[in-house]
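What follows is a single structure, written as structure tokens, with notes after it.
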Amino acid sequence: MRRPPTIRLEPLAEAVAARTDHDEVTEAILDAAVAVLAEGGLRRFTVEEIAAAGRLGRTTIYRRFEGRDALVHAALGRELQRTFAAIAAEVADRPTLEDRVVDGILAGLRAARESLVIRLVRQEPELLRLVTVDGGPLIVLATDLLVAAAVEEAARTDDPDAVRPDGEEARHLAEVLIRLATSLALAPQSTLPLDDDTAARAALHRLLDPLLRR
13 MRRPPTIRLE PLAEAVAART DHDEVTEAIL DAAVAVLAEG GLRRFTVEEI AAAGRLGRTT
73 IYRRFEGRDA LVHAALGREL QRTFAAIAAE VADRPTLEDR VVDGILAGLR AARESLVIRL
133 VRQEPELLRL VTVDGGPLIV LATDLLVAAA VEEAARTDDP DAVRPDGEEA RHLAEVLIRL
193 ATSLALAPQS TLPLDDDTAA RAALHRLLDP LLRR
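If you read the sequence shown in this note's numbering, its first letter stands for residue 13, the second for the next number, and so on.
Below is the structure:
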């Protein structure tokens, strides 16, 4: 039986940081790869399955990716990029630091409920290790990407009173947000009322606002 693709931290981090302006064929390959992962996980992740899902030739896939390992990193990296961008867009127009943190956490949890990456992490022990005990470098990279995305979104906001994320404080804040959201996404059972956005928002504000205002 063919082994599933191997996922390693360094190439995954490189994929998350890679450029996103892919050509149409590369996007089609990544779309097909994500579809195969969503349906069958890593065990069914083969070039043959991806070619069939995307109605692509195997040669076309190999022209752009060296093999399954490179392709799975690229597919997961793109999914993580989209998640970070969605969170940044969600909080871009929030007027206060407290609102940005709380709504950022809630946006992350909403994204996690639909996230292919989170689903695979729960199914695959090697992925779980990459985002927990061995996840330091990925946390740093995610922090950088979230701050960069937040800065880009804030630049589009005309509100002069909007929070402008920058500097070490923004990095610290982004890291705390990522760590907290990751923990809640991987183990969603909580005394917090996470199934109700209004109640969850109120609870998080009560807990976090005093810390953020210090």
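Glycine is no exception: its CB is placed at the ideal position from the N, C-alpha and C atoms.
In this text the structure is predicted, and so the values were computed from the model without any measurement.
In the assembly as shown, Gly148 is an exposed residue. Its beta-carbon has fewer than 16 other beta-carbons within 10 Å.
Membership of His217 in the alpha helix (DSSP H) is indicated by the continuous run 209 to 224. Here Val103 is not near Leu224, since their CB atoms are 9 Å or more apart. Put simply, the backbone Cα of Ala101 is about 21 Å away from that of Leu206. Straight-line spacing of the CA atoms in Ala27 and Glu91 works out to 10 Å.
Contact between Ile62 and Ile41 holds, with the beta-carbon distance rounding to 7 Å and staying under 8 Å.
Here DSSP, grouped into helix, strand and coil, assigns Arg134 to helix. Of the residues assessed, His184 falls on the exposed side of the cut-off, its CB having fewer than 16 other CB atoms within 10 angstroms.
Under the DSSP assignment, Leu49 falls in the alpha helix (DSSP H) whose first and last residues are 36 to 52.
Going by DSSP, Glu60 is part of the alpha helix (DSSP H) stretching over 59 to 66. Closest in alpha carbon position to Arg80, among Thr32, Thr58, Leu88, is Thr58. Secondary structure at Gly69: coil, using DSSP grouped into helix, strand and coil. Annotated as distal: Ala97 and Pro23, with beta-carbon spacing of 9 Å or more.
Inclusion of Ile117 and Leu196 in the CB contact set at 9 Å is warranted, their separation being smaller than that value. Ala199 and Gly66 have their alpha carbons spaced roughly 33 Å apart. Of the residues Ala47, Glu180, Ala44, Leu54, the one whose Cα lies closest to the Cα of Pro16 is Leu54. Taking 9 Å as the cut-off, the beta carbon of Val159 is found no closer than this to the beta carbon of Leu150. The continuous stretches of alpha helix (DSSP H) do not include Glu78, and DSSP gives it neither H nor E. It is roughly 16 Å from the alpha-carbon of Thr210 to the alpha-carbon of Ser202. For Leu192 and Leu220, the gap between their C-alpha atoms comes out near 12 Å. If you check the CB distance, Val133 and Leu139 come in under 9 Å.
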